[in-house]
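> Our numbering puts the sequence shown at residues -14 to 139.
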Amino acid sequence: MAVRNILKFGDERLSKIAKPVTQFDDDLKSLLDDMRETMRVSNGVGLAGPQIGVLRRVVVIEIDDLYLELINPEIVSSKGEQYEDEGCLSVPKYYDKVKRPKVVTVKAFDRDGKEFTVTGKKLLARCLCHEIDHLNGILFIDKSENGQKFKERR
Ligand code: NI
-14 MAVRNILKFG
-4 DERLSKIAKP
6 VTQFDDDLKS
16 LLDDMRETMR
26 VSNGVGLAGP
36 QIGVLRRVVV
46 IEIDDLYLEL
56 INPEIVSSKG
66 EQYEDEGCLS
76 VPKYYDKVKR
86 PKVVTVKAFD
96 RDGKEFTVTG
106 KKLLARCLCH
116 EIDHLNGILF
126 IDKSENGQKF
136 KERR
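#1: Pick out whichever of 75, 71, 76, 30 has its Cα sitting closest to the Cα of residue 54.
#2: Please state the DSSP three-state secondary structure of residue 97.
#3: Hey, how far is the Cα of residue 22 from the Cα of residue -13?
#4: Between residue -9 and the rest of its own chain, which residues show a CB-CB distance below 7 Å, the 5 nearest in sequence each way excluded?
#5: Measure the CB-CB distance between residue 34 and residue 42 and report whether it falls below 9 Å.
#6: Please find out if some non-hydrogen atom of the ligand NI comes closer than 8 Å to the beta-carbon of residue 125.
#7: Considering residue 110, what are the terminal residues of the alpha helix (DSSP H) in which it resides?
#8: Are three or more beta carbon pairs between the stretch 75 to 90 and the stretch 119 to 131 nearer than 8 Å?
#9: For residue 58 and chain B, any beta-carbon pair shorter than 9 Å?
#10: Go ahead and pull the three-state DSSP assignment for residue 86.
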């Protein structure tokens, strides 16, 4: 396992659309292991492939004792609304409010290629949306309350 370098806001790879994973092989497993380690040493609750320069649809999330690996995740339903502060390992030391659904259900594949669904509320719902946005080249500052001002200051 290895800790990967996390790309920061301004790196154009963060605004690229990631490609679906097609091979559930050993390379994918070591990528996921690296992502988990990188997220943990960075004290993050989620990490997406593009954040380490891997333009593939892979996400890891860890909230308390729930650890999730999501390959090719898709939001299948969402309801309600929440408006809470978010941050991102690619946008250090900046937090801002983002509108998200209160509950989301996501369909994804695990590291062995088995499909599963997960429903998240509150923080997990925000995190699922935030990480899936990364796969589509979207950062939270692209939709947060003061994100535009933040970008103009940079
Ligand atoms: Ni992020």
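Using N, Cα and C, we set each Cβ at its ideal position, and we do this for glycine too.
Walking through what the data contain:
#1: 30
#2: coil
#3: 7 Å
#4: Residues 23, 27, 36, 37, 74, 75 of the same chain have their beta carbon placed closer than 7 Å to that of residue -9, with the five preceding and five following residues left out of the count.
#5: yes
#6: yes
#7: 107 to 120
#8: As far as the Cβ criterion goes, the stretch 75 to 90 touches the stretch 119 to 131, which means the pair count is three or higher.
#9: In the displayed structure, chain B is absent; only one protein chain is listed.
#10: coil
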